[in-house]
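Novice: Respectively, the protein sequence lines represent chains A and B. Using my numbering, the first residue of the first sequence is number 1, and each one after it goes up by one. Using my numbering, the first residue of the second sequence is number 1, and each one after it goes up by one.
2 protein chains.
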Amino acid sequence: AAEAGGREMAAWARAVRGLLLDISGVLYDSGGDGGVPIAGSVDAVRRIKASGLKLRFCTNETQATREKFVKKLQGMGFDISVAEVTAPAPAACRILKERSLRPHLLVHNDLVPEFAEIDKANPNCVVIGDAAENFTYANLNEAFRLLIGMEKPVLISLGRGRYYKETDGLKLDVGAYMKALEYACDVQAEVVGKPAKMFFESALAEMGVPPQQAIMIGDDIENDVGGAQRCGMRALQVRTGKYRSVHSLHP
Amino acid sequence: AAEAGGREMAAWARAVRGLLLDISGVLYDSGGDGGVPIAGSVDAVRRIKASGLKLRFCTNETQATREKFVKKLQGMGFDISVAEVTAPAPAACRILKERSLRPHLLVHNDLVPEFAEIDKANPNCVVIGDAAENFTYANLNEAFRLLIGMEKPVLISLGRGRYYKETDGLKLDVGAYMKALEYACDVQAEVVGKPAKMFFESALAEMGVPPQQAIMIGDDIENDVGGAQRCGMRALQVRTGKYRSVHSLHP
Numbered sequence: 001a002a003e004a005g006g007r008e009m010a011a012w013a014r015a016v017r018g019l020l021l022d023i024s025g026v027l028y029d030s031g032g033d034g035g036v037p038i039a040g041s042v043d044a045v046r047r048i049k050a051s052g053l054k055l056r057f058c059t060n061e062t063q064a065t066r067e068k069f070v071k072k073l074q075g076m077g078f079d080i081s082v083a084e085v086t087a088p089a090p091a092a093c094r095i096l097k098e099r100s101l102r103p104h105l106l107v108h109n110d111l112v113p114e115f116a117e118i119d120k121a122n123p124n125c126v127v128i129g130d131a132a133e134n135f136t137y138a139n140l141n142e143a144f145r146l147l148i149g150m151e152k153p154v155l156i157s158l159g160r161g162r163y164y165k166e167t168d169g170l171k172l173d174v175g176a177y178m179k180a181l182e183y184a185c186d187v188q189a190e191v192v193g194k195p196a197k198m199f200f201e202s203a204l205a206e207m208g209v210p211p212q213q214a215i216m217i218g219d220d221i222e223n224d225v226g227g228a229q230r231c232g233m234r235a236l237q238v239r240t241g242k243y244r245s246v247h248s249l250h251p
Numbered sequence: 001a002a003e004a005g006g007r008e009m010a011a012w013a014r015a016v017r018g019l020l021l022d023i024s025g026v027l028y029d030s031g032g033d034g035g036v037p038i039a040g041s042v043d044a045v046r047r048i049k050a051s052g053l054k055l056r057f058c059t060n061e062t063q064a065t066r067e068k069f070v071k072k073l074q075g076m077g078f079d080i081s082v083a084e085v086t087a088p089a090p091a092a093c094r095i096l097k098e099r100s101l102r103p104h105l106l107v108h109n110d111l112v113p114e115f116a117e118i119d120k121a122n123p124n125c126v127v128i129g130d131a132a133e134n135f136t137y138a139n140l141n142e143a144f145r146l147l148i149g150m151e152k153p154v155l156i157s158l159g160r161g162r163y164y165k166e167t168d169g170l171k172l173d174v175g176a177y178m179k180a181l182e183y184a185c186d187v188q189a190e191v192v193g194k195p196a197k198m199f200f201e202s203a204l205a206e207m208g209v210p211p212q213q214a215i216m217i218g219d220d221i222e223n224d225v226g227g228a229q230r231c232g233m234r235a236l237q238v239r240t241g242k243y244r245s246v247h248s249l250h251p
């Protein structure tokens with residue numbers, strides 16, 4: 001049986017044709033100082049590309065435009081381009097256009113340019129991202145009042161992460177604030193980004209690899225690993241980023 | 001049958017011996033300017049007291065000490081004293097002492113004196129109230145980090161309201177922020193205040209009236225009406241405060 005298992009595993013490994021890589025917590029640790037690359041990760045990206053495997057970066061990053069984010073990573077030495085990155089904001093823009101939604105944005109200042117071509121007058125939905133310092137009491141009340149005033153409140157959340165690690169410690173992620181608005185307005189947010197199935201599917205389509213032949217690599221057991229598995233992919237959890245073993249979970 | 005129903009109702013009305021009155025949204029509308037009394041409410045309190053009915057004020061107010069809050073209401077003309085008010089902070093202090101919990105406080109500055117006699121060194125729980133302007137990104141991250149760092153995170157929430165009405169509009173209440181921390185830390189908050197059964201029971205005990213002979217009057221269908229009913233009381237929802245008819249719910 002062990003031998004059969006080994007053969008199966010080897011057959012599966014040979015079948016792998018594409019990798020989806022999370023960025024924050026896998027390639028680098030973010031932070032107010034711009035963050036630092038995780039040891040070995042610049043070289044790992046280079047080796048994956050040299051191996052002939054297809055590679056796509058699949059991130060829930062919403063603190064900057066893809067352009068700015070990619071430039072930062074290139075500055076750290078990563079071989080990465082904007083066209084290789086699947087991120088929530090462009091996916092949200094497609095949905096907003098399709099459904100004629102005019103968003104009120106509760107997002108990071110640096111993400112706003114991603115919505116440049118979207119009509120934002122007289123909003124009929126709220127889009128929430130990892131707004132960081134923009135998560136003020138006043139801004140949350142404003143988003144809440146708009147939502148509760150809508151005939152049919154629509155809340156779109158760019159990811160639903162609980163928290164993430166920056167160089168100076170753990171920070172609440174967009175999911176916590178999404179929950180606050182969901183509860184106050186008695187609505188359910190529509191999540192754009194990991195772990196939404198549609199998000200992984202579009203990343204796979206962009207890479208041209210079916211789920212059975214792809215692996216997702218991330219540091220988040222829910223958004224990276226769980227989401228990818230529900231999509232029919234295999235997934236690996238790295239022990240960097242927010243990863244904490246059961247023992248270190250409550251230090 | 002209608003006649004029997006009428007007789008039943010009349011018998012019940014004769015049996016009523018005590019009233020629990022919510023304050024914000026029932027007696028006055030709060031606001032940055034101190035708020036304004038709701039028309040007729042000063043007189044209503046006077047008449048209830050003159051009628052011989054027992055009366056107790058049952059509030060989730062946590063933006064001020066009971067002393068300061070009562071002084072404000074007295075200034076508006078209400079016949080009210082500190083001893084007549086059941087509020088979350090004193091109830092929380094009893095729990096903290098009983099269980100040797102040392103709180104980190106995420107509350108309004110004006111509520112802090114209620115916790116003067118509580119040991120707050122090296123916190124082993126977080127107490128969250130309606131912190132209003134203190135609900136900053138930095139303060140929420142701080143409370144989150146303390147909670148997630150605890151071996152067994154304990155989150156005590158002073159009420160679980162969704163929102164309330166101030167003179168300048170609707171504001172997110174403590175419940176929204178409680179949900180954010182619950183989600184981020186995967187814990188369930190212990191609610192002190194309405195709609196917790198124990199909170200109504202202590203108000204009834206202080207008034208010396210059993211639930212079957214008491215009515216709760218409030219503007220919140222969940223925290224006032226639902227909570228009181230689950231406690232065996234009858235309840236009335238006023239149409240002031242945050243009350244919104246089905247038609248006006250989504251203007």
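C-beta: ideal position from N, C-alpha, C; glycine also. Keep in mind it's a predicted model, so treat the numbers as computed, not measured.
#1: Locate the alpha helix (DSSP H) running through F57/B, then write down its first and last residues.
#2: If you compare alpha carbons, which of A87/A, K165/A, R160/A is closest to G32/A?
#3: Taking only the alpha-carbon atoms, compute the straight-line gap between G18/A and T240/A and give it to the nearest angstrom.
#4: Let me confirm a value: E102/B is counted as buried when at least 16 other C-beta atoms fall within 10 Å, else exposed. Which label applies?
#5: So A10/B contacts chain A; which residues on that side make the cut at Cβ distance below 7 angstroms?
#6: Are L158/A and P88/A touching if we call contact CB-CB under 7 angstroms?
#7: Decide yes or no for the touch test of the stretch 41 to 61 of chain A against the stretch 18 to 27 of chain A: beta carbon pairs closer than 8 angstroms, at least 3 of them.
#8: Could you tell me the distance, in whole angstroms, from the CA atom of D219/A to the CA atom of V238/A?
#9: M150/B: which of P195/B, S51/B, K194/B, C185/B sits nearest, CA to CA?
#10: Please go through the stretch 93 to 164 of chain B and give each complete alpha helix (DSSP H) segment of 4 or more residues, from N-terminal end onward.
#11: Roughly how many whole angstroms lie between the Cα atoms of L140/B and M178/B?
#12: Applying a beta-carbon distance threshold of less than 9 angstroms, which residues of chain B neighbour I118/A?
#13: Note down, in chain order, every chain B residue with its Cβ under 7 angstroms from the Cβ of G175/A.
#14: At which residues does the beta strand (DSSP E) containing E190/B begin and terminate?
#15: Would you mind sorting K194/A into buried or exposed? The rule is 16 or more other CB atoms within 10 Å of its CB.
#16: Excluding sequence positions up to five away, which residues of its chain have a Cβ less than 7 angstroms from the Cβ of K197/A?
#17: Taking a cut of 7 angstroms between CB atoms, which residues from the stretch 142 to 176 of chain B lie near chain A?
#18: What are the residues of the stretch 120 to 133 of chain B that lie near chain A, defined by any Cβ-Cβ distance shorter than 9 angstroms?
#19: Counting contacts by CB-CB distance shorter than 7 angstroms, is Y28/B in contact with chain A?
#20: How about I80/A and L106/A: are their beta carbons less than 7 angstroms apart?
#21: Quick one: give me the first and last residue of the alpha helix (DSSP H) that Q229/A is part of.
#22: Kindly give me the distance between the Cβ atoms of V192/B and A91/B, rounded to whole angstroms, as I take these residues to be in contact under 8 angstroms.
#23: Which partner residues of K171/B appear in the DSSP bridge assignment?
#24: May I ask which residues mark the beginning and end of the beta strand (DSSP E) holding M216/B?
#25: Between T86/A and E206/A, how many whole angstroms is the CB-CB distance? I'm expecting something under 8 angstroms.
#26: Whose C-beta lies closer than 8 angstroms to the C-beta of V45/B among residues of the same chain, with five residues either side of it excluded?
#27: CA-CA distance, A121/A and A189/A?
#28: Distance, Cα to Cα, D130/A vs F144/B?
#29: To the nearest angstrom, how far is it from the Cα of S30/A to the Cα of A132/A?
#30: Let me see if you follow: with CB-CB separation under 7 angstroms, is L236/B close to chain A or not?
#31: Using a threshold of 7 angstroms, state whether the C-beta atoms of A214/A and M233/A are closer than that.
#32: Quick one: is F115/B near chain A, going by C-beta distance under 7 angstroms?
#33: With distances taken Cα to Cα, identify the nearest neighbour of A11/A among Q212/A, C125/A, N134/A, I38/A.
#34: Using the C-alpha atoms, what's the distance from A138/A back to S248/A?
#35: I need the straight-line Cα distance from D173/A to E61/A, nearest angstrom please.
#36: Quick check on A180/B - is its C-beta less than 7 angstroms from some C-beta in chain A?
Specialist: Quick look at the numbers:
#1: Taking the second sequence and counting its residues from 1, one reaches residue 57/B at position 57. For F57/B, no alpha helix (DSSP H) encloses it; the enclosing beta strand (DSSP E) starts and ends at 54 to 58.
#2: The count along the first sequence starts at 1 and reaches residue 32/A at position 32. Comparing Cα positions, the closest option is K165/A.
#3: Mapped onto the first sequence, residue 18/A falls at position 18. Mapped onto the first sequence, residue 240/A falls at position 240. The straight-line gap from Cα to Cα measures roughly 22 angstroms.
#4: The residue given as residue 102/B occupies position 102 in the second sequence. The amino acid occupying residue 102/B in the given sequence is Arg; Glu does not appear at that position. Label assigned to R102/B: exposed.
#5: Here residue 10/B refers to the residue found at position 10 when the second sequence is read from its first residue. Simply none; closest approach about 37 angstroms.
#6: Here residue 158/A refers to the residue found at position 158 when the first sequence is read from its first residue. Here residue 88/A refers to the residue found at position 88 when the first sequence is read from its first residue. In this structure, P88/A lies closer than 7 angstroms to L158/A by Cβ.
#7: The stretch 41 to 61 of chain A, when compared against the stretch 18 to 27 of chain A, does touch it at the 8 angstroms Cβ threshold.
#8: Counting from 1 along the first sequence, the entry for residue 219/A is found at position 219. Counting from 1 along the first sequence, the entry for residue 238/A is found at position 238. In a straight line, the C-alpha of D219/A is about 5 angstroms away from that of V238/A.
#9: Position 150 of the second sequence, counted from the first residue, corresponds to residue 150/B. The residue with the shortest Cα to Cα distance from M150/B is C185/B.
#10: Correct list: 137 to 148.
#11: Within the second sequence, numbered from 1, the residue matching residue 140/B stands at position 140. Within the second sequence, numbered from 1, the residue matching residue 178/B stands at position 178. Going from the Cα of L140/B to the Cα of M178/B covers about 10 angstroms.
#12: Numbered from 1 along the first sequence, position 118 holds the residue referred to as residue 118/A. Here the premise fails: no neighbours, minimum Cβ distance about 23 angstroms.
#13: As a first step, residue 175/A is located in the first sequence; it is residue number 175 there, counting from the start. Result: Y183.
#14: Taking the second sequence and counting its residues from 1, one reaches residue 190/B at position 190. 190 to 192 is the extent of the beta strand (DSSP E) around E190/B.
#15: As a first step, residue 194/A must be located in the first sequence, where it is residue number 194. So K194/A counts as buried.
#16: Residue mapping note: residue 197/A aligns to position 197 of the first sequence, counting from 1. Closer than 7 angstroms at Cβ, skipping near neighbours: R230, C231.
#17: F144, R145, I148, G149, M150, E151, R162, Y163, G169, L170, K171, L172, G175, A176
#18: A131, A132, E133
#19: Numbered from 1 along the second sequence, position 28 holds the residue referred to as residue 28/B. It does not: the Cβ of Y28/B has no partner Cβ on chain A nearer than 7 angstroms.
#20: Position 80 of the first sequence holds residue 80/A. Position 106 of the first sequence holds residue 106/A. No.
#21: One-based indexing of the first sequence puts residue 229/A at position 229. That run of the alpha helix (DSSP H) goes 227 to 230.
#22: Along the second sequence, read from residue 1 onward, the residue named residue 192/B stands at position 192. Along the second sequence, read from residue 1 onward, the residue named residue 91/B stands at position 91. So it is a contact: roughly 5 angstroms between Cβ atoms.
#23: Sequence index remark: in the second sequence, residue 171/B carries index 171 (1-based). Paired residues: Y164/B.
#24: On the second sequence, residue 216/B is found 216 positions in, with the first residue counted as 1. Taken as a continuous stretch (DSSP letters only), the beta strand (DSSP E) holding M216/B covers 214 to 218.
#25: Taking the first residue of the first sequence as position 1, residue 86/A is located at position 86. Taking the first residue of the first sequence as position 1, residue 206/A is located at position 206. So it is a contact: roughly 6 angstroms between Cβ atoms.
#26: For the purposes of this step, residue 45/B is identified with residue 45 of the second sequence, where counting begins at 1. Only L21, L27, L55, F78, D79, I80 meet the Cβ criterion.
#27: For the purposes of this step, residue 121/A is taken as residue 121 along the first sequence, with counting starting at 1. For the purposes of this step, residue 189/A is taken as residue 189 along the first sequence, with counting starting at 1. If you take the alpha carbons of A121/A and A189/A, they lie about 21 angstroms apart.
#28: Here residue 130/A is taken as the residue at index 130 of the first sequence, counted from 1. Here residue 144/B is taken as the residue at index 144 of the second sequence, counted from 1. Roughly 16 angstroms separates the two Cα atoms.
#29: The sequence position of residue 30/A within the first sequence is 30, counting from 1. The sequence position of residue 132/A within the first sequence is 132, counting from 1. If you take the alpha carbons of S30/A and A132/A, they lie about 13 angstroms apart.
#30: Here residue 236/B refers to the residue found at position 236 when the second sequence is read from its first residue. Answer no: the Cβ-Cβ gap between L236/B and chain A never drops below 7 angstroms.
#31: One-based indexing of the first sequence puts residue 214/A at position 214. One-based indexing of the first sequence puts residue 233/A at position 233. Cβ atoms of A214/A and M233/A: closer than 7 angstroms.
#32: Mapped onto the second sequence, residue 115/B falls at position 115. Cβ-Cβ to chain A under 7 angstroms: no for F115/B.
#33: Indexing the first sequence from 1 puts residue 11/A at position 11. For the residues Q212/A, C125/A, N134/A, I38/A, the minimum Cα distance to A11/A belongs to Q212/A.
#34: The residue given as residue 248/A occupies position 248 in the first sequence. The residue given as residue 138/A occupies position 138 in the first sequence. Annotation note: pLDDT 41 at S248/A (below 50); position unreliable, no value reported.
#35: Mapped onto the first sequence, residue 173/A falls at position 173. Mapped onto the first sequence, residue 61/A falls at position 61. Straight-line Cα distance between these residues: approximately 10 angstroms.
#36: By one-based count along the second sequence, residue 180/B stands at place 180. Yes, A180/B counts as interfacial toward chain A.
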